[in-house]
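If you're matching positions, the sequence shown starts at 2 in the numbering used here and goes up one per residue.
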Amino acid sequence: MAGLMNELISGVVDSVLKEILKKAHGRIATKRQRRQARSATTGRFKKASVKTAAKPAKKQVSRRRTAAARSKAR
């Protein structure tokens, strides 16, 4: 009886592992690519320009509710 249970459990575990490994093909999400800009005069690809540093996000400021907005909520 114990051997039968052991065989059943090992069979289930093996099938689950096969199913998991079958689905994982090592795929990676594709990255978006920008089109290369062409020069208007020569038609050749332009050199990549130097990007400027991004500015930090502004801190959100909470706005005070007006008396009219407070009275609507009541």
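We put the beta carbon where it would ideally sit given N, CA and C, even for glycine.
Mind reading off the beta-carbon distance from residue 45 to residue 39? Whole number of angstroms is fine, and I expect it under 8 Å.
-> 7 Å
Note to self: Bridge partners for residue 39 per DSSP, in chain order?
What the structure shows: 46
Is the beta carbon of residue 37 sitting closer than 9 Å to the one on residue 47? yes
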